[in-house]
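Chains as they are written, first to last, in our numbering: chain A, 1 to 221; chain B, 1001 to 1334. Reading through the structure tokens given below for one structure.
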């Protein structure tokens, strides 16, 4: 077992993760020219506002609205334009990049988040319209450093290859397992999760992970 | 996505007033509007968010009809006890549409208002009479398989209406309640969606600024049985190639009050009235169903790639009628 990467004992600052690598490169300043425009905009906004918190800054920029979003149990204040979708706001404004942008038009499910416990496509939802809702992203599933049973099951079943669809798959699976109107058979799970496309075709292991997580959650996991 | 102004009124009157102020679109679930705004097919200057209007209830009226708020989600409607019990065709149709995530967002009013899935309409570049009246129809003579109709088409447009929910509502019978600047009115469900004819840009009977507030389903027929059969390229998360919503009552061994509607094959949710007339008062038999199915497609026009929809749609009718009447019409693999 020890030959496998263990998220509980490894990772963090000591890991040469892709994210840390990118952060290092970004901080060097050398890569500024290759920084995507949206990231530059985010950095610029963060520089304008003390500690990146718009609530402490002056009025929102023209065309922007200052809104409150409850994300993973935390009230966040963020300035948004009306046309900004929840997907872009959680990723680019709140820094929660676990939610992925795939097709950006409601066809692939990579951007799935929970709103009031229900799975939705965050790419087709205006952030400004979600101010009274409870939003849960993949970052909000763990409890005290312990993976959610669905995350654990995906890990154990190797329910991914490239991993790009995985956070969306997991969010859908959590919603499916918490919805007693959805049947428990393999066919029912496949149908309920047909809105999450896996380009690598890891469906067999995804299904196995979901059904295994069901047992773990029943057992009080 | 282009920038737009945003309003979130708290009352129907205020929503209509806000909508009238600019080139506006009402936002319900957003699964059509935001999709089409992202690809620049819809370009509203203002989005009027109607999610604060409280139109999210399902209630049984005194006359037995069931009134569904425009903002009831597809999931909530499909899973509601009244719908599961009295209108299985509607529950089945809703659950066969889109994906779980989309059904959790998509609303009753929005589903009624959803736009066609014609790739030439969506590409923003090809000639399309619906998008740019008078520019021509790229589907006629183009690739016209999955999302194209054989019934109700015109030389201007052959895009199929994509909804499953609406097909079930056409079979059940319903009324669309709308509010507008001139007050409220009721539109018969069958008259709500328009045939393309020479004006494919006109898709529905709404006047400017009018807002759908409810869809009211006809009272359930006593002892009626109903169901929905959807045939598609994939087993899930795919638009219908052909679908059949059917409702009927069996009394004394004969069919009474049959209601048949078709999806995937027509430019609007399609009542098969001729098929219904053939079925009324007759004892179920495979020959009868075949006769009804043939009549349903009597006026069909096949295009280069979708001619298969005529026999497919006929078999959908035959199979669904067989299922509802307990008559084996197909050789099931199971």
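The beta-carbon is built from N, C-alpha and C at its ideal position, and this holds for glycine as well. Since this is a predicted model, take the numbers as computed values, not measurements.
A Cβ-Cβ separation of about 7 Å places residue 1147 of chain B in contact with residue 1159 of chain B under the 8 Å criterion. Partner residues in the beta bridge of residue 1248 of chain B, as assigned by DSSP, are B/1225. Measuring C-alpha to C-alpha distances from residue 1046 of chain B to each of B/1033, B/1269, B/1052, B/1056 identifies B/1033 as the nearest. Counting other Cβ atoms within 10 Å of its Cβ, residue 77 of chain A stays below 16 and is therefore classed as exposed. For residue 1258 of chain B, the three-state secondary structure derived from DSSP is strand. Within the same chain, and ignoring the five residues on either side of residue 173 of chain A in sequence, the residues whose Cβ sits closer than 6 Å to its Cβ are 150, 210.
Secondary structure note for residue 1116 of chain B: it is in no beta strand (DSSP E), with a DSSP letter that is neither H nor E. Around the Cβ of residue 1131 of chain B, a 10 Å sphere holds 16 or more other Cβ atoms; the residue is buried. Taking the Cα of residue 85 of chain A as reference, the smallest distance to any Cα among A/194, A/188, A/161, A/121 is reached at A/121. Cβ atoms of residue 1066 of chain B and residue 1217 of chain B come within 8 Å of each other, at about 5 Å. For chain A, the residues of the region 1043-1063 of chain B that bring a beta carbon within less than 8 Å of one of its beta carbons are 1047, 1049, 1051, in chain order. Note on geometry: alpha-carbon atoms of residue 1316 of chain B and residue 1044 of chain B lie some 39 Å from one another. By the neighbour-count definition (other C-beta atoms within 10 Å, threshold 16), residue 1213 of chain B is a buried residue.
What residue 1237 of chain B touches in chain A, judged by beta-carbon distance under 7 Å, is 194, 195, going in chain order. Residues 1097, 1111, 1112, 1114, 1263, 1269 of the same chain have their beta carbon placed closer than 8 Å to that of residue 1163 of chain B, with the five preceding and five following residues left out of the count. Under the DSSP assignment, residue 121 of chain A falls in the beta strand (DSSP E) whose first and last residues are 118-121.
Just measuring C-alpha positions, the residue of B/1207, B/1296, B/1235 sitting nearest residue 1246 of chain B is B/1296.
For residue 1087 of chain B, there is no enclosing beta strand (DSSP E), as DSSP marks it with neither H nor E. Listed along chain B are 1079, each with a C-beta nearer than 7 Å to that of residue 181 of chain A.
Comparing alpha carbon positions, the residue from A/177, A/197, A/144 closest to residue 188 of chain A is A/177.
Here the alpha carbon of residue 1229 of chain B sits roughly 15 Å from the alpha carbon of residue 1271 of chain B. Taking 8 Å as the threshold, the shortest C-beta distance from residue 104 of chain A to chain B falls below it.
Per DSSP, the continuous beta strand (DSSP E) segment holding residue 1005 of chain B begins and ends at 1005-1007.
Within the same chain, Cβ atoms closer than 8 Å to the Cβ of residue 101 of chain A are found at 87, 88, 91, 110, 111, 123, the five residues on either side in sequence being excluded. The contact set of residue 209 of chain A on chain B, defined by CB atoms closer than 9 Å, is empty, because the minimum CB distance reaches about 17 Å. Positions of the beta strand (DSSP E) runs, each at least 3 residues long and wholly inside the region 1012-1056 of chain B, are given as 1024-1027, 1046-1049 in order along the chain.
Rounded to the nearest whole angstrom, the C-alpha separation of residue 195 of chain A and residue 1299 of chain B is 36 Å. Within the same chain, Cβ atoms closer than 6 Å to the Cβ of residue 1224 of chain B are found at 1247, 1249, the five residues on either side in sequence being excluded.
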